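Student: Protein chains in written order, with the numbering used here: chain A, 225 to 364; chain B, 225 to 364; chain C, 30 to 415; chain D, 30 to 415.
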Amino acid sequence: MEYGSEVLRRFDAPLRAGEIEPEAPGVVSGEGDDRALNVWVRFQLEVADGVIRRARFRAFGCPHTVAAADWLAEWLEGRPVQALAELDVRRAAAALEVPPEKLGKLLRMEDALAVCRRALEARNGDRLESQDGGRRWPCH
Amino acid sequence: MEYGSEVLRRFDAPLRAGEIEPEAPGVVSGEGDDRALNVWVRFQLEVADGVIRRARFRAFGCPHTVAAADWLAEWLEGRPVQALAELDVRRAAAALEVPPEKLGKLLRMEDALAVCRRALEARNGDRLESQDGGRRWPCH
Amino acid sequence: MSEEIYLDNAATTSLDPRVLAAMTECLERNPANPSSTHAPGRRARRAVEEARERIAARLGVPAGTIVFTSGATESNNLALQGTLLHHAERTPHLVTTRIEHKSVLDTARALERRGVAVTFVECDADGVVAPERLAEAIRPETALVSVMHVNNETGVVQDIPAIAALCRDRGVPLHVDAAQSVGKLPLDLEGWGVALCSMTAHKLHGPKGVGALYVREGMRLAPLLHGGEQERGLRPGTLATHQIVGMGQAYELADPARDGPRLAALRDRLERQLRAIPGARLNGAPERRAPHIVNMSFSGVDGESLRFAVRDVAVSSGSACMSDSPEASHVLGAMGLSDALAGSALRLSVGRFTTEREVDEAARRVAEAVERLRTLAAGAPAWCSG
Amino acid sequence: MSEEIYLDNAATTSLDPRVLAAMTECLERNPANPSSTHAPGRRARRAVEEARERIAARLGVPAGTIVFTSGATESNNLALQGTLLHHAERTPHLVTTRIEHKSVLDTARALERRGVAVTFVECDADGVVAPERLAEAIRPETALVSVMHVNNETGVVQDIPAIAALCRDRGVPLHVDAAQSVGKLPLDLEGWGVALCSMTAHKLHGPKGVGALYVREGMRLAPLLHGGEQERGLRPGTLATHQIVGMGQAYELADPARDGPRLAALRDRLERQLRAIPGARLNGAPERRAPHIVNMSFSGVDGESLRFAVRDVAVSSGSACMSDSPEASHVLGAMGLSDALAGSALRLSVGRFTTEREVDEAARRVAEAVERLRTLAAGAPAWCSG
Ligand SMILES: Cc1ncc(COP(=O)(O)O)c(C=O)c1O
Ligand SMILES: Cc1ncc(COP(=O)(O)O)c(C=O)c1O
Numbered sequence: 225m226e227y228g229s230e231v232l233r234r235f236d237a238p239l240r241a242g243e244i245e246p247e248a249p250g251v252v253s254g255e256g257d258d259r260a261l262n263v264w265v266r267f268q269l270e271v272a273d274g275v276i277r278r279a280r281f282r283a284f285g286c287p288h289t290v291a292a293a294d295w296l297a298e299w300l301e302g303r304p305v306q307a308l309a310e311l312d313v314r315r316a317a318a319a320l321e322v323p324p325e326k327l328g329k330l331l332r333m334e335d336a337l338a339v340c341r342r343a344l345e346a347r348n349g350d351r352l353e354s355q356d357g358g359r360r361w362p363c364h
Numbered sequence: 225m226e227y228g229s230e231v232l233r234r235f236d237a238p239l240r241a242g243e244i245e246p247e248a249p250g251v252v253s254g255e256g257d258d259r260a261l262n263v264w265v266r267f268q269l270e271v272a273d274g275v276i277r278r279a280r281f282r283a284f285g286c287p288h289t290v291a292a293a294d295w296l297a298e299w300l301e302g303r304p305v306q307a308l309a310e311l312d313v314r315r316a317a318a319a320l321e322v323p324p325e326k327l328g329k330l331l332r333m334e335d336a337l338a339v340c341r342r343a344l345e346a347r348n349g350d351r352l353e354s355q356d357g358g359r360r361w362p363c364h
Numbered sequence: 030m031s032e033e034i035y036l037d038n039a040a041t042t043s044l045d046p047r048v049l050a051a052m053t054e055c056l057e058r059n060p061a062n063p064s065s066t067h068a069p070g071r072r073a074r075r076a077v078e079e080a081r082e083r084i085a086a087r088l089g090v091p092a093g094t095i096v097f098t099s100g101a102t103e104s105n106n107l108a109l110q111g112t113l114l115h116h117a118e119r120t121p122h123l124v125t126t127r128i129e130h131k132s133v134l135d136t137a138r139a140l141e142r143r144g145v146a147v148t149f150v151e152c153d154a155d156g157v158v159a160p161e162r163l164a165e166a167i168r169p170e171t172a173l174v175s176v177m178h179v180n181n182e183t184g185v186v187q188d189i190p191a192i193a194a195l196c197r198d199r200g201v202p203l204h205v206d207a208a209q210s211v212g213k214l215p216l217d218l219e220g221w222g223v224a225l226c227s228m229t230a231h232k233l234h235g236p237k238g239v240g241a242l243y244v245r246e247g248m249r250l251a252p253l254l255h256g257g258e259q260e261r262g263l264r265p266g267t268l269a270t271h272q273i274v275g276m277g278q279a280y281e282l283a284d285p286a287r288d289g290p291r292l293a294a295l296r297d298r299l300e301r302q303l304r305a306i307p308g309a310r311l312n313g314a315p316e317r318r319a320p321h322i323v324n325m326s327f328s329g330v331d332g333e334s335l336r337f338a339v340r341d342v343a344v345s346s347g348s349a350c351m352s353d354s355p356e357a358s359h360v361l362g363a364m365g366l367s368d369a370l371a372g373s374a375l376r377l378s379v380g381r382f383t384t385e386r387e388v389d390e391a392a393r394r395v396a397e398a399v400e401r402l403r404t405l406a407a408g409a410p411a412w413c414s415g
Numbered sequence: 030m031s032e033e034i035y036l037d038n039a040a041t042t043s044l045d046p047r048v049l050a051a052m053t054e055c056l057e058r059n060p061a062n063p064s065s066t067h068a069p070g071r072r073a074r075r076a077v078e079e080a081r082e083r084i085a086a087r088l089g090v091p092a093g094t095i096v097f098t099s100g101a102t103e104s105n106n107l108a109l110q111g112t113l114l115h116h117a118e119r120t121p122h123l124v125t126t127r128i129e130h131k132s133v134l135d136t137a138r139a140l141e142r143r144g145v146a147v148t149f150v151e152c153d154a155d156g157v158v159a160p161e162r163l164a165e166a167i168r169p170e171t172a173l174v175s176v177m178h179v180n181n182e183t184g185v186v187q188d189i190p191a192i193a194a195l196c197r198d199r200g201v202p203l204h205v206d207a208a209q210s211v212g213k214l215p216l217d218l219e220g221w222g223v224a225l226c227s228m229t230a231h232k233l234h235g236p237k238g239v240g241a242l243y244v245r246e247g248m249r250l251a252p253l254l255h256g257g258e259q260e261r262g263l264r265p266g267t268l269a270t271h272q273i274v275g276m277g278q279a280y281e282l283a284d285p286a287r288d289g290p291r292l293a294a295l296r297d298r299l300e301r302q303l304r305a306i307p308g309a310r311l312n313g314a315p316e317r318r319a320p321h322i323v324n325m326s327f328s329g330v331d332g333e334s335l336r337f338a339v340r341d342v343a344v345s346s347g348s349a350c351m352s353d354s355p356e357a358s359h360v361l362g363a364m365g366l367s368d369a370l371a372g373s374a375l376r377l378s379v380g381r382f383t384t385e386r387e388v389d390e391a392a393r394r395v396a397e398a399v400e401r402l403r404t405l406a407a408g409a410p411a412w413c414s415g
């Protein structure tokens, strides 16, 4: 297996790996896993004023899994919660050159973030929609 | 094919290759050949007073053939004509380490020398026998 | 990037400088075709025959029993196909095990597709194949039993003397894949009564692309390749003099009595440190292993990530010829390991040029990586720990 | 003993020093298994793939069509067995010629014993196979036509473009044994429409024991050896990096446009002098020969004695893999030569390191030996002169 430099960098030093202190307010979390694909991931998002202030993850899986979780957490940080509705793991896959046979693992991260989203929706009592019905956020 | 040093020496410089001058007296000759075995040989013997004074040969064939013809010619020279009756090409074969599959070629030399012997017998009107009914001449 | 450490000597070894010297000298001075009958050809032939004798002497067998091939893969194919494809039995039977090298397993499966009956005998949780299981599998039409000496993933040593004895009792020839054992463990092919034995040079600091099949006198075999009378008609093709000379030199340099204990000491030093890592599990019967291999699983850690985390230590999951494929090891699977545990397995293997400093440093890096990855996966479900 | 002169470059060649340098560097610096996924493994893999690309570039074919083997003998076996043994036809048919290399002829005969129908097409007195004869031999169930490019005994070049065209017309794949032609004659495999092509490194100043089979995209073939996914599953076994690197270097160094004329000039110089010997007879169409080979018979001279008389000139009767056997050449026999003439044939072949002085001296020694042996056999019957 060959790994790109971006995978290498994030796998070696996943800056957003970890947990948010239990006492922090406004934290939602969600897990996704697939035993057959050998992947488990958990995201924690700290949300305040409709903005994702911090995103943290834990992951079990291959280097692409770890790097993708880190990429997604970074991407989410600083974005409004609506970003969760627009998130497309294929963007992470492209940025990290994840081989096609591993895309299934990344979909489990969508699952985990969907759980986060539903938790936020449940808290707020409404649905999170993409702000512009499909336009992608520019990468920051 | 590997050749021993004795084959090499005789093949490279077969001292008795050649012919006896046609005018020399008392010369008999004999040929033997076998097309399937790729061998032809002719011996000429110059006989005087019951002794083989000179032996010469011509040969077509492999290096063992040439070396064996030379060995036999040398062996005969200086011997009484009875030596023809005792001659055993296996002695040449042993001296030259001729491989067993080539022994057939040497038998054609026995044929050639048998022709010489019969020519001598015809000339003298009697049979050449081994002088002691089987004892081998010492090698000189 | 930290300093590279090579602990994958079961996949292949670096060339011993003395082997390189012998090969270079041959390449420079002995260029003719060993089948040519002229003087330079005979010099090349002599080099080949000297190498054959050196190898035979190391193994204590007659030189005429050594047939050169392109490696153990070809030797295994020749042994199995050569015995079974032209067998007098209409449906000959092959007995082998689930934990053989792919070159035996895949050949056995190819033979199955061509009408050969095959029994794959299981191993136990320690990777050991019980001789009785093999004995039970033998039938009247069994044409060959094929069992590896040392498993390339776990290093587990099968009891070849006992297996050979039972094969002899039943009148069935035994093939042994000794790719991983020659030069590291004592072999007594003739004493044990082995009929066929596969070898390779590159696991023993010799060149890649050359090996041999020991063919016991009187054992009949059909060739795989045709054309040319080389190697008793069993293996045509221009003999690669320098490769054969390299193998001869490598085998002469290898001495199980000297190298075995040295390798075992290094391996034990490495193993001690790895076993100290929490959640570490040794794969393969601890007391029945070749001196150069240790195979460990680490629960709660993904294998691919572990290998990537310690990427400056060259190690292996499964065997090298499978390391491109994501499937878990068939050997660890046969031993009953869960996919997760099998997936986290590292095979580390030491060689002649491995140092104590290297194994210490490698163990340190593995320990660090396991800890880091476990932290990264804190809270993961139980299945991640196997 | 006089100075040794090597004129047996069709049997094998000495290593080009630049090839040796590339191999040595690889053996010293690139020891890992190209199938290993760790960094040293990937470096070895890169060396293999670079060599593959160099070879493919020289041949003007996609790199993916090159499958590495242990030499042309294996390539020929893989081409023939791989196409015919698992063919959909119940009794597939193979068309080849009487003058192929033993590795094709013996494989064809082995296939015959396994139920394949084989037609051996004759050549003419010049050693040329008429494309029409091949066309006539093709049947609906013909699965492969196999014809060598350059004959290893006579150097005669077959008309592969015409043969490929007629095979294309009839929808039958063509295999070409190019062991003697690669690097000496231009090859246009894809333009001609060749399906399979066998190559070897050691006839081109590369190492012995490595070769390749070109497998046109889309051409399906069953492997001979099983185990491991190397070489698209067509050829398992640890890749011999240094051997492959050596072949890559050798092929890159060989340039038919430059080497062909140089070899031809040397060969012509040699041939001119040999033809001046009374009773000399050139074997093979004079105008249709590869640049490096000349094959001459000398009437009235025994071949074994002639070769022994010029033993310090390394030459060949037949091909090297047959030079141990006393039978006359099957190629010269197919051309209609008498046993005596065929037996007296010498094959002399020049290479990159042959000099004008060497060919002059060799011709002088042959002339001297022929004269001496003719004198020795003065008076011999006519059959001795063929
Ligand atoms: C047990 C075993 N058998 C066979 C082989 C194949 O050997 P080679 O690489 O020489 O084809 C190997 C190693 O690759 C091995 O470990
Ligand atoms: C025409 C031809 N084909 C095949 C071969 C066999 O090649 P290798 O020696 O690489 O097996 C040779 C030479 O030996 C040859 O001349």
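Idealized CB from N, CA, C, for every residue including glycine.
Given the structure is predicted, the values throughout are model-derived calculations rather than measurements.
Terminal residues of the continuous alpha helix (DSSP H) containing C/THR102?
Tutor: Here the question's residue 102 of chain C lines up with position 73 in the third sequence. Counting along the chain, the alpha helix (DSSP H) containing C/THR102 begins and ends at 101-113.
Student: Taking only beta-carbon atoms, is A/ALA241 less than 8 Å away from chain C?
Tutor: In the first sequence, the residue the question calls residue 241 of chain A occupies position 17. Yes, A/ALA241 lies at the interface with chain C (some Cβ there is under 8 Å from its Cβ).
Student: Should the segment 51-70 of chain C be called in touch with the segment 60-70 of chain D, which here means at least 3 C-beta pairs below 8 Å?
Tutor: Flag = no, the segment 51-70 of chain C and the segment 60-70 of chain D do not touch.
Student: Can you list, in chain order, the residues of its chain with a C-beta nearer than 8 Å to that of A/ARG347? Leave out the 5 residues immediately preceding and following it.
Tutor: Along the first sequence, one-based indexing puts residue 347 of chain A at 123. So the list reads VAL252, once near-sequence residues are dropped.
Student: Out of C/ARG127, C/LEU295, C/PRO265 and C/VAL388, which has the shortest C-alpha to C-alpha gap to C/VAL157?
Tutor: Indexing the third sequence from 1 puts residue 157 of chain C at position 128. Answer by Cα proximity: C/ARG127.
Student: Using a Cβ-Cβ distance under 8 Å, would A/VAL290 count as near chain C?
Tutor: As a position in the first sequence, residue 290 of chain A is number 66, starting the count at 1. Chain C, which has a Cβ nearer than 8 Å to the Cβ of A/VAL290, makes this yes.
Student: Count Cβ pairs between the segment 297-306 of chain D and the segment 394-403 of chain D that sit closer than 8 Å; are there 3 or more?
Tutor: Contact between the segment 297-306 of chain D and the segment 394-403 of chain D is present, because at least three Cβ pairs lie under 8 Å.
Student: Looking at D/GLY212 and D/PRO265, is the spacing between their C-beta atoms short of 8 Å?
Tutor: Locating residue 265 of chain D in the fourth sequence gives position 236, where the first residue counts as 1. Locating residue 212 of chain D in the fourth sequence gives position 183, where the first residue counts as 1. Against a cut-off of 8 Å, the Cβ pair of D/GLY212 and D/PRO265 comes out as no contact.
Student: Mapping the DSSP letters down to three states, classify D/THR98 as helix, strand or coil.
Tutor: In the fourth sequence, counting from the first residue as 1, residue 98 of chain D sits at position 69. D/THR98 falls in the strand class under three-state DSSP.
Student: Distance cutoff 8 Å, beta carbons only. Does B/ASP335 sit that close to anything in chain D?
Tutor: Residue mapping note: residue 335 of chain B aligns to position 111 of the second sequence, counting from 1. Not one chain D Cβ lies under 8 Å of B/ASP335.
Student: Pick from D/ARG376, D/LYS237 and D/ILE192: whose alpha carbon is nearest that of D/LEU203?
Tutor: The residue given as residue 203 of chain D occupies position 174 in the fourth sequence. Per the Cα distances, D/ILE192.
Student: Could you tell me whether any non-hydrogen atom of ligand 2 is closer than 7 Å to the CB of C/ASP288?
Tutor: If you number the third sequence from 1, residue 288 of chain C lands on position 259. Every heavy atom of ligand 2 is 7 Å or more from the Cβ of C/ASP288, so no.
Student: If contact is defined by three or more beta carbon pairs under 8 Å, each pair taking one atom from either stretch, is the segment 91-104 of chain D in contact with the segment 240-255 of chain D?
Tutor: Taking 8 Å as the limit for Cβ pairs, the verdict is that the segment 91-104 of chain D does touch the segment 240-255 of chain D.
Student: With 16 as the cutoff for other CB atoms within 10 Å, does D/THR384 come out buried or exposed?
Tutor: Counting from one through the fourth sequence, the residue named residue 384 of chain D turns up at place 355. Exposed: under 16 other Cβ atoms inside 10 Å.
Student: Scan the segment 173-238 of chain D and note each continuous beta strand (DSSP E) run of 3 residues or more that stays entirely inside, going in chain order.
Tutor: Listed in chain order, they are 203-206 and 225-229.
Student: Would you kindly check if the distance between the Cβ of A/ARG314 and the Cβ of A/PHE281 is under 8 Å?
Tutor: Counting from 1 along the first sequence, the entry for residue 281 of chain A is found at position 57. Counting from 1 along the first sequence, the entry for residue 314 of chain A is found at position 90. No, they are not a contact pair.
Student: Take the Cβ of C/ARG81 as the centre, count every other Cβ of all protein chains shown within 10 Å, and call the residue buried at 16 or more, exposed below.
Tutor: Residue numbering aside, residue 81 of chain C sits at position 52 when the third sequence is read from its first letter. Buried, because 16 or more other Cβ atoms sit within 10 Å of the Cβ of C/ARG81.
Student: Can a CB atom of chain D be found closer than 8 Å to the CB of C/THR120?
Tutor: Along the third sequence, one-based indexing puts residue 120 of chain C at 91. So no, C/THR120 is outside the interface.
Student: Can you tell me which residues form a DSSP beta bridge with B/PHE406?
Tutor: A question about residue 406 of chain B goes unanswered here, because the residues of chain B that appear run from 225 up to 364.
Student: Against A/CYS340, what residues of chain C qualify as contacts under a CB-to-CB distance less than 9 Å, listed in chain order?
Tutor: Against the first sequence, residue 340 of chain A aligns to sequence position 116. Those within 9 Å of A/CYS340 in chain C number zero; the least Cβ separation is about 15 Å.
Student: What are the boundary residues of the beta strand (DSSP E) that includes D/ILE322?
Tutor: Numbered from 1 along the fourth sequence, position 293 holds the residue referred to as residue 322 of chain D. Its beta strand (DSSP E) spans residues 322-327.
Student: Mind pulling the chain C residues with CB within less than 8 Å of D/SER31?
Tutor: Taking the first residue of the fourth sequence as 1, we reach residue 31 of chain D at position 2. Residues of chain C passing the Cβ test: none, with the nearest at roughly 11 Å.
Student: Give me, in chain order, the residues of the same chain whose beta-carbon lies closer than 7 Å to that of D/PRO190; leave out the 5 immediate sequence neighbours on both sides.
Tutor: The sequence position of residue 190 of chain D within the fourth sequence is 161, counting from 1. The answer, listed in chain order, is TRP221.
Student: With 8 Å as the threshold, decide whether the Cβ of B/PHE267 is near any Cβ in chain D.
Tutor: By one-based count along the second sequence, residue 267 of chain B stands at place 43. False, the Cβ-Cβ gap to chain D never drops below 8 Å.
Student: By the 10 Å Cβ neighbour count, where 16 or more other Cβ atoms means buried, how is A/ARG332 classified, buried or exposed?
Tutor: Position 108 of the first sequence, counting from 1, holds the residue named residue 332 of chain A. By the neighbour-count rule (16 or more Cβ atoms within 10 Å), A/ARG332 is buried.
Student: Is A/ALA346 close to chain G, meaning its C-beta is less than 8 Å from at least one C-beta of that chain?
Tutor: No chain G appears in the structure shown, which is made up of the protein chains A, B, C and D.
Student: Show which residues of chain C have a CB atom less than 8 Å away from the CB atom of D/GLU20.
Tutor: Here chain D covers residues 30 to 415 and nothing more, so residue 20 of chain D does not appear.
Student: Run down chain C in chain order and give the residues with a C-beta less than 9 Å from the C-beta of A/TRP264.
Tutor: Here residue 264 of chain A corresponds to residue number 40 of the first sequence, with the count starting at 1. Within chain C, the residues near A/TRP264 are ALA406, GLY408, ALA409, PRO410, TRP412 and CYS413.
Student: Determine, using beta carbons only, whether C/VAL342 and C/ALA391 come nearer to each other than 8 Å.
Tutor: Looking up residue 342 of chain C in the third sequence gives position 313. Looking up residue 391 of chain C in the third sequence gives position 362. Result yes, Cβ atoms of C/VAL342 and C/ALA391 sit closer than 8 Å.
Student: For C/ALA39, count neighbouring Cβ atoms within 10 angstroms of its own Cβ and tell me buried if that reaches 16, exposed if not.
Tutor: For this step, residue 39 of chain C is matched to residue 10 along the third sequence. Buried, since its Cβ has 16 or more Cβ neighbours within 10 Å.
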